[in-house]
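**Q** In the UniProt record's numbering, the protein residues as written are 1 to 548.
Dropping a structure here in structure tokens format, bear with me for questions.
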């Protein structure tokens, strides 16, 4: 059952504009100088602006349209508490803390509702994954409970308890209204002395050369005048890459079309938890008696070029994508079929090669700070992102160990190789809800950098892994070879599935939270390496063999 309700989407856009119109811009003339200029009025840009103003920094926010008018306004805006690693959890905790205290700090309601969250496990392997999340969350004092299907149904009556094995209940989760959230941040920043200029596009990023053949920020030029500054935060989302290209740089991220649906009226879904159905590649959020659901299909549309004016703009919905998400949703929540689909929405989302944000100072341009590429987690990460970016700008380093977020994790050849970026970003999107095993390896973007011994190593049985774009041996197997083939795009976009699946089959041995199938091989290799090293040391110092 599918119908595209343009009136419903138009009402959402109108409501967003009404909320945002309450946030008054500064005078038409931009200041001559500012400590920091932030470009982009989405969740991460507004949060960065707000946190800088709290530190007493003279910060100016420039938005080419209006606050929250690009990807933020149609965001799912679900805020989870649990992720697969500690830094992600800390970043999301800061968002939840910000949302909980924002009305008290600013006097403006951010639209936060702590509805709780359910993580659905359709397989036993997924349930093991959730057990790890539960344990990691316990370290951070995050309340969560592993519950049975029947217990999950009591929390959310639309669920079919026969369709899954169990669930993880996280009562601290919730969702926000993205427009109200950005409005609250903006009002708070203005109250603290920040300046906002809407409908003010960047005409040019002003830089000058440095002695070491790099560039440094000296200001920005807008259609309302120039602003001198030595610190520029690019939080322009899908536009960030276009802006840095004007100064000869690039950002490793890709715009991908993301679709979500809104059901008809579902009375039993009111005030129910948000849901993540990783095995079904879906998320669900209650919204005024309806259910908003979206997913991550293996063949999304990759946007090659943005339109000149993308304010509140959407794309035509792909019916096959809608049908796929709806079919998966009905397996978990068959009662939704009666409500049907009220509307479908397709908008742009940014994805990165490793599914981590792009943050930090650019190594090729002093004073240029990145703040984009959030892989559909923009609102969820925004509290931590704003706080850490503010620290990065003022202290020249973040307060958390954001090595996995730092743009410097990508080499310049990777950043400039557009084919590599698109390929890896596709897999990042398609595998969004895959289980994150400790030794997982990507299939996309492989053999990007190889050394002179690569072919000889593979011929000798080396099983390769990737690190910073380089291929290196993880371990060796006997009497066979395991080459890494070119990316087959999962058989989509006119590509044919690779017939040679030796590498994929080898990786299956690492798809476990227990010891890998190759554990004995690796441990034996380490043992032999250590013994050989000790032998060499003893030989050098003329010690008898066997004495340590």
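Glycine included, each C-beta is placed from N, C-alpha and C at the ideal position.
In the DSSP output, what is residue 370 paired with across the bridge?
**A** DSSP lists 234, 360 as partners of residue 370.
**Q** Tell me whether residue 333 sits in a helix, a strand or coil according to DSSP, three-state version.
**A** Residue 333 falls in the coil class under three-state DSSP.
**Q** To the nearest angstrom, how far is it from the Cα of residue 204 to the Cα of residue 242?
**A** Rounded to whole angstroms, residue 204 to residue 242 spans 11 Å at the Cα level.
**Q** Between residue 188 and residue 133, what straight-line distance do the alpha-carbon atoms span, to the nearest angstrom?
**A** Answer to the nearest angstrom: the Cα atoms are 34 Å apart.
**Q** Per DSSP, which one or two residues make a beta bridge with residue 473?
**A** Answer is 464.
**Q** Could you tell me whether the segment 367 to 377 touches the segment 341 to 348, using the rule of 3 or more Cβ pairs below 8 Å?
**A** Because the criterion of three Cβ pairs below 8 Å is not met, the segment 367 to 377 and the segment 341 to 348 do not touch.
**Q** Tell me which residues share the same chain as residue 150 and place their Cβ nearer than 6 Å to its Cβ, disregarding the 5 neighbours each side in the sequence.
**A** Excluding residues within five positions, the ones whose Cβ falls inside 6 Å are 161.
**Q** Check whether the segment 380 to 395 and the segment 351 to 365 touch, using three or more Cβ-Cβ pairs below 8 Å as the test.
**A** The segment 380 to 395 is in contact with the segment 351 to 365.
**Q** Answer with buried or exposed for residue 282, where buried requires no fewer than 16 other C-beta atoms within 10 angstroms of its C-beta.
**A** Buried is the call here.
**Q** Hey, quick one: how far does the alpha helix (DSSP H) through residue 489 stretch, first residue to last?
**A** It is not in any alpha helix (DSSP H) - residue 489 carries neither H nor E in the DSSP assignment.
**Q** Roughly how many angstroms lie between the CA atoms of residue 260 and residue 291, to the nearest whole one?
**A** Cα-Cα distance, rounded: 10 Å.
**Q** For residue 284, write down the residues that DSSP places opposite it in a beta bridge.
**A** Answer is 275, 293, bridged to residue 284.
**Q** Work out the CA separation of residue 318 and residue 341 for me, nearest whole Å.
**A** Computed Cα separation, rounded: 14 Å.
**Q** Counting only runs that start and end within the segment 147 to 192, where is the alpha helix (DSSP H) found for 4 or more residues in a row?
**A** Counting only runs of 4 or more, we get 149 to 155, 178 to 191.
**Q** Would you kindly check if the distance between the Cβ of residue 496 and the Cβ of residue 482 is under 8 Å?
**A** Not in contact: residue 482 and residue 496 (Cβ atoms no closer than 8 Å).
**Q** Tell me the residue span of the alpha helix (DSSP H) that contains residue 100.
**A** Residues 86 to 106.
**Q** Under a three-way DSSP split, which group does residue 222 fall into?
**A** If DSSP states are grouped into helix, strand and coil, residue 222 belongs with the strands.
**Q** Report yes or no: do three or more beta-carbon pairs, one from the segment 461 to 481 and one from the segment 516 to 534, lie closer than 8 Å?
**A** Enough Cβ pairs lie closer than 8 Å, so yes.
**Q** Tell me the DSSP bridge mates of residue 406?
**A** Bridge partners of residue 406: 359.
**Q** Give the single residue among 245, 139, 131, 157 whose Cα lies nearest to the Cα of residue 145.
**A** When only C-alpha atoms are compared, the closest one is 131.
**Q** From the DSSP output, in three-state form, read off residue 136 for me.
**A** Correct three-state label for residue 136: helix.
**Q** Between which two residues does the alpha helix (DSSP H) containing residue 395 stretch?
**A** Here the alpha helix (DSSP H) through residue 395 covers 378 to 395.
**Q** Is residue 348 helix, strand or coil when you go by DSSP?
**A** If DSSP states are grouped into helix, strand and coil, residue 348 belongs with the strands.
**Q** Provide the residue(s) that pair with residue 40 in DSSP beta bridges, ordered along the chain.
**A** Paired residue(s): none; residue 40 is not in a bridge.
**Q** Could you pull the DSSP bridge partners for residue 302 from this structure?
**A** Bridge partners of residue 302: 256.
**Q** Drop a sphere of 10 angstroms on the beta-carbon of residue 533, count the other beta-carbons inside from all chains shown, and report buried for 16 or more, exposed for fewer.
**A** Per the 10 Å Cβ criterion, exposed.
**Q** Report yes or no: do three or more beta-carbon pairs, one from the segment 260 to 270 and one from the segment 79 to 98, lie closer than 8 Å?
**A** No contact exists between the segment 260 to 270 and the segment 79 to 98.
**Q** May I have the straight-line CA-CA distance separating residue 42 from residue 62, to the nearest angstrom?
**A** Roughly 11 Å between the two C-alpha positions.
**Q** Note down the Cα distance separating residue 21 from residue 37, rounded to an integer number of angstroms.
**A** Its pLDDT being 47, under 50, residue 21 is placed unreliably by the model, and nothing is read from it.
**Q** From 68, 450, 35, 66, pick the residue whose C-alpha is nearest to that of residue 53; which is it?
**A** When each option's Cα is compared against that of residue 53, the closest is 35.
**Q** Starting from residue 413, follow the alpha helix (DSSP H) in both directions and report where the run begins and ends.
**A** From DSSP, the alpha helix (DSSP H) with residue 413 extends over 412 to 416.
**Q** Give every residue of the same chain whose Cβ lies closer than 8 Å to the Cβ of residue 208, excluding the five residues on either side of it in the sequence, and list them in chain order.
**A** Closer than 8 Å at Cβ, skipping near neighbours: 215, 216, 218.
**Q** In angstroms, rounded to a whole number, what distance separates the CA positions of residue 18 and residue 153?
**A** Reliability fails at residue 18, whose pLDDT of 48 lies under 50, so the model's placement of it is uncertain and no value is given.
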